[in-house]
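K.L.:
This is the structure, below, for whatever I ask next.
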Amino acid sequence: MSGDDAKRASDAASARDKLLWIIIYSLCSSTMLVINKLAVGANGLPTVVAGAQLAVSAAVVVVMEFAGAGVLGPFEKKRIVPFVLYTTMFAMGLFSNMKALMLTNVGAVISARCCLPLIVCSIEWFFMNRAFPNARSVMSLMGVVVSAGIYIANDTGVDIQGGAGMFWLLVWWLLLAVQMTYGKHLTENIAMTQWERVFYTNAMAIPPTIVLYYATGENELEMEDGEGAMFYLILSCVVGVAISYSGWKCRSVITATTFTLVGVLNKMATITFTIIVWPKDFSVVKTLALIASVGFGLLYTEAPLRKPKVAGAGTSPLGIKH
Numbered sequence: 005m006s007g008d009d010a011k012r013a014s015d016a017a018s019a020r021d022k023l024l025w026i027i028i029y030s031l032c033s034s035t036m037l038v039i040n041k042l043a044v045g046a047n048g049l050p051t052v053v054a055g056a057q058l059a060v061s062a063a064v065v066v067v068m069e070f071a072g073a074g075v076l077g078p079f080e081k082k083r084i085v086p087f088v089l090y091t092t093m094f095a096m097g098l099f100s101n102m103k104a105l106m107l108t109n110v111g112a113v114i115s116a117r118c119c120l121p122l123i124v125c126s127i128e129w130f131f132m133n134r135a136f137p138n139a140r141s142v143m144s145l146m147g148v149v150v151s152a153g154i155y156i157a158n159d160t161g162v163d164i165q166g167g168a169g170m171f172w173l174l175v176w177w178l179l180l181a182v183q184m185t186y187g188k189h190l191t192e193n194i195a196m197t198q199w200e201r202v203f204y205t206n207a208m209a210i211p212p213t214i215v216l217y218y219a220t221g222e223n224e225l226e227m228e229d230g231e232g233a234m235f236y237l238i239l240s241c242v243v244g245v246a247i248s249y250s251g252w253k254c255r256s257v258i259t260a261t262t263f264t265l266v267g268v269l270n271k272m273a274t275i276t277f278t279i280i281v282w283p284k285d286f287s288v289v290k291t292l293a294l295i296a297s298v299g300f301g302l303l304y305t306e307a308p309l310r311k312p313k314v315a316g317a318g319t320s321p322l323g324i325k326h
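Take the numbering used here: the final residue in the sequence shown is number 326, and no numbers are missing along the way.
Have a look at this one:
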């Protein structure tokens, strides 16, 4: 096999790997949204559901290690400190998101989330030696924003309560952007298994979740015993393990911007599915806007690193090379 043939075979394998993990992560993400809604609706304690998912995901890795899988490396400062920073940003982002939801509406939060890939690609260009997206990709990102805007304008609209609402919305937006790019930095610069990343992120997120449990007053509430409460809680923990692993694996094979965009498209696709299956608030304009948002997102191609391109290389939707 010639060098060119070997490269083409390698690129094809890489493309299949990217597509596979994008699909797996998207399925887990979309499923988790529905399962979490059912689990929280059945027991009434969202922080308990989140804490259970974190604890189970971390415990699975520990069990695998004791079973001889060899998935955990040495506990070193150079490994622990970066994940402490990551989970700190996660906790701060969760708190600012709650504040933003209190002072704005869902439309404002969705609008901010849809604009997120624009700032993430700018961070990648400025700090991570990645080229700026080409014209097609810029059109893709702008198309997602415009289509989402049309959907929101025909749904809840954007409602922000004064300067405080704008402040917390901006803080959440910036924290999430930094978290997305910092997560990609971790996969590229700290050598560890995907299961180690699952363990560190989930184990270190447990203490902030406990703080939220008391800060939100859930400790004074009793867990409801709704229909299927335990079943949905266990199911959410199983899917939690899957989304933790597939999320880090997906993040390791695509750029931060693509990963952020995949998250946005998952959200928009889930809303589309909900409107079609439960057409209580069905609207042709809203549905078409959501479909257009997903369609524009699929046009995105990953920006390469800032170095000479190999002649003849190409890319397809969501940055998959061919």
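Glycine residues also receive a C-beta, built at the ideal position from the N, C-alpha and C atoms. Predicted, not measured: the structure shown is a model, and the values here were computed from it.
1. Any idea which residues DSSP pairs Thr108 with across the strands?
2. Does the Cβ of Ala139 have 16 or more other Cβ atoms within 10 Å, making it buried, or fewer, making it exposed?
3. Using a 10 Å radius around the Cβ and a threshold of 16 neighbouring Cβ atoms, would you call Gln183 buried or exposed?
4. Write down the C-beta distance between Lys22 and Val257 rounded to the nearest angstrom, noting that I regard them as a contact closer than 8 Å.
5. Expressed to the nearest angstrom, what Euclidean distance is found between the alpha-carbon atoms of Val149 and Glu69?
6. Would you kindly report the start and end of the unbroken alpha helix (DSSP H) that includes Val69?
7. In chain order, what residues of the same chain lie with their CB nearer than 6 Å to the CB of Ile324, ignoring the 5 residues before and after it?
8. Does the Cβ-Cβ distance between Ser34 and Ala273 come in under 8 Å?
9. Quick check on DSSP: helix, strand or coil for Arg140?
10. Compare the C-alpha of Cys119 against each of Gly187, Val65, Asn101, Leu265 and name the closest.
11. Of all the alpha helix (DSSP H) runs that stay within the bounds of the region 223-310, which reach a length of 4 or more residues?
12. Check whether the region 70-80 touches the region 292-308, taking contact to mean three or more Cβ pairs, one atom from each stretch, closer than 8 Å.
13. Whole angstroms are fine: how far does the CA of Val75 sit from the CA of Leu107?
14. For the candidate residues Thr276, Gly267, Ala260, whose alpha-carbon lies nearest to that of Leu309?
15. Can you list, in chain order, the residues of its chain whose CB lies under 7 Å from that of Cys241, leaving out five sequence neighbours each side?
16. Using 8 Å for Cβ pairs, my map puts Val53 next to Asn40. What's the rounded Cβ distance?
17. Between Ile123, Ser250, Leu179, which has its C-alpha nearest Trp25's C-alpha?
18. Less than 7 Å between C-beta atoms, sequence neighbours within five positions excluded: which residues of the same chain meet that for Gly45?
19. Leaving out five residues on either side along the sequence, give the residues of the same chain with a beta carbon under 6 Å from the beta carbon of Pro137.
20. Would you call Asp163 buried or exposed, if buried means 16 or more other Cβ atoms sit within 10 Å of its Cβ?
21. So does the region 214-230 actually touch the region 151-166, counting three or more Cβ pairs closer than 8 Å?
22. Whole angstroms are fine: how far does the CA of Leu225 sit from the CA of Pro321?
23. Just how far apart, CA to CA, sit Thr220 and Met96?
24. Drop a sphere of 10 angstroms on the beta-carbon of Tyr218, count the other beta-carbons inside from all chains shown, and report buried for 16 or more, exposed for fewer.
25. Over what stretch of residues does the alpha helix (DSSP H) that includes Leu76 continue unbroken?
26. So, Glu222 versus Leu49, is the Cβ gap smaller than 8 Å?
27. In this structure, what does DSSP give as the bridge partners for Arg134?
P.N.:
The relevant details are as follows:
1. DSSP, once it has assigned bridges, lists Ile164 as partnering Thr108.
2. Looking at its Cβ environment, which holds fewer than 16 other Cβ atoms inside 10 Å, Ala139 is exposed.
3. Here Gln183 is buried, its C-beta having at least 16 other C-beta atoms within 10 Å.
4. The beta-carbon distance between Lys22 and Val257, rounded to whole angstroms, is 5 Å. This is short enough to meet the 8 Å contact definition.
5. Approximately 44 Å between the Cα atoms of the pair.
6. As written in the sequence, residue 69 is Glu, which differs from the Val given in the question. First-last of the alpha helix (DSSP H) with Glu69: 50-70.
7. Residue confidence is low: Ile324 scores 48 on pLDDT, short of 50, so the model does not pin down where it sits. No coordinate-derived value is stated.
8. Between Ser34 and Ala273, the C-beta gap is smaller than 8 Å, which places the two residues in contact.
9. The answer is helix: DSSP assigns Arg140 an H, G or I state.
10. Closest by alpha carbon: Leu265.
11. Restricting attention to alpha helix (DSSP H) runs no shorter than 4 residues, the region 223-310 encloses them at 233-257, 260-281, 288-301, ordered along the chain.
12. With the cut-off at 8 Å, the region 70-80 and the region 292-308 do not touch.
13. Rounded to the nearest angstrom, the two C-alpha atoms are 43 Å apart.
14. For Leu309, the nearest C-alpha among the options comes from Ala260.
15. For Cys241, where only same-chain residues beyond five positions count, the Cβ hits under 7 Å are Ala56, Gln57, Val60.
16. With 8 Å as the limit, Val53 and Asn40 qualify as a contact, their Cβ atoms being about 6 Å apart.
17. Here the closest residue by C-alpha is Ser250.
18. Closer than 7 Å at the Cβ level, and outside the excluded window around Gly45, lie Gly230.
19. Correct list, in chain order: Cys125, Ala307.
20. Exposed: under 16 other Cβ atoms inside 10 Å.
21. Segments in contact, no.
22. Its pLDDT being 48, under 50, Pro321 is placed unreliably by the model, and the measurement read from it follows with that caveat. Rounded to whole angstroms, the separation of the alpha carbons of Leu225 and Pro321 is 47 Å.
23. Their Cα atoms are separated by approximately 15 Å.
24. Exposed, because fewer than 16 other Cβ atoms sit within 10 Å of the Cβ of Tyr218.
25. Leu76 -> no alpha helix (DSSP H), and no H or E assigned at all.
26. Between Glu222 and Leu49, the CB-CB gap stays under 8 Å.
27. Leu309, per the DSSP bridge assignment.
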